[in-house]
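Mapping of the sequence shown onto the numbering used here: residues 1 to 146, in sequence order.
Worksheet: the structure to be examined is printed underneath.
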Amino acid sequence: MSLSEPGKAARDRPEEDDLAVLRERIRYLTQLNATLERDLEFYKQELNKLLEPPYIEAMVLEVLPDGRAVVKSSTGPNLVVRISANVDVSKLRPGVSVALNNKGSTIVEVLPSIHDPLVEAMEIEERPTVTFSDVGGLESQIRELY
Numbered sequence: 001m002s003l004s005e006p007g008k009a010a011r012d013r014p015e016e017d018d019l020a021v022l023r024e025r026i027r028y029l030t031q032l033n034a035t036l037e038r039d040l041e042f043y044k045q046e047l048n049k050l051l052e053p054p055y056i057e058a059m060v061l062e063v064l065p066d067g068r069a070v071v072k073s074s075t076g077p078n079l080v081v082r083i084s085a086n087v088d089v090s091k092l093r094p095g096v097s098v099a100l101n102n103k104g105s106t107i108v109e110v111l112p113s114i115h116d117p118l119v120e121a122m123e124i125e126e127r128p129t130v131t132f133s134d135v136g137g138l139e140s141q142i143r144e145l146y
């Protein structure tokens, strides 16, 4: 009878090993599942971004007091459009680039400004105080016009 007890212990041991392997496998698969669920959520968000219709770029000409704005659309005409509740109205001022929804009826985003160094070099920062009378030298040409 003492011979059967070690045999029984030997049989129980592989079952315990199998159980430990299965528990480890469950832990691994649970972690893998969590990782795959995060990846799935990321790719769903990316897909939603790709499925969004394109926006129309426009420039703000004037912000109206009633929650609308006058914009110059990149497609040509000036438009009076609504301002989305998600847009910070304090960022809207003449000359700011904005994105309109695909129908061109609502400002949905304020676009970051693009600084062109060549344009900035040519911009007048303050109005000159010199007048034509200060410059002089065109008296004979002015007489010819009259």
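All residues carry an ideal CB built from backbone N, CA and C; glycine is no exception.
Small disclaimer: the values here were computed from a predicted structure and weren't measured.
Separation of residue j from residue i, as counted between CA atoms
i: S97; j: R68; result: 15 Å
i: R93; j: V60; result: 6 Å
i: S105; j: S113; result: 22 Å
i: D39; j: P77; result: 43 Å
i: V81; j: I107; result: 7 Å
i: T75; j: A34; result: 46 Å
i: L19; j: E37; result: 27 Å
i: Q45; j: E16; result: 44 Å
i: S2; j: R13; result: Low per-residue confidence applies at S2: pLDDT is 48, beneath 50, and the placement is therefore not dependable, though the value from the model is reported in the following sentence. In a straight line, the C-alpha of S2 is about 17 Å away from that of R13.
i: E41; j: N48; result: 11 Å
For residue i, the first and last residue of its enclosing alpha helix (DSSP H)
i: E144; result: 139 to 145
Burial state of residue i, where buried means 16 or more other Cβ atoms lie within 10 Å
i: A58; result: buried
i: L29; result: exposed
i: L100; result: buried
i: V63; result: buried
Limits of the beta strand (DSSP E) - the one that residue i falls within
i: S73; result: 68 to 73
i: E109; result: 106 to 110
i: V60; result: 56 to 63
Residues bridged to residue i [DSSP beta-bridge criterion]
i: A85; result: A85 is not bridged to any residue.
i: I114; result: Answer is none; I114 lacks a bridge partner.
i: N78; result: K72
i: S97; result: M59
The ligand ADP heavy atom lying under 6 Å from the CB of residue i
i: V108; result: What this structure holds is no ligand at all, so the ligand ADP is not there to describe.
Minimum Cβ-Cβ distance from residue i to chain D less than 7 Å
i: V81; result: No chain D appears in the structure shown, which is made up of a single protein chain.
Are the stretch 86 to 94 and the stretch 41 to 54 touching, with three or more C-beta to C-beta distances below 8 Å?
no
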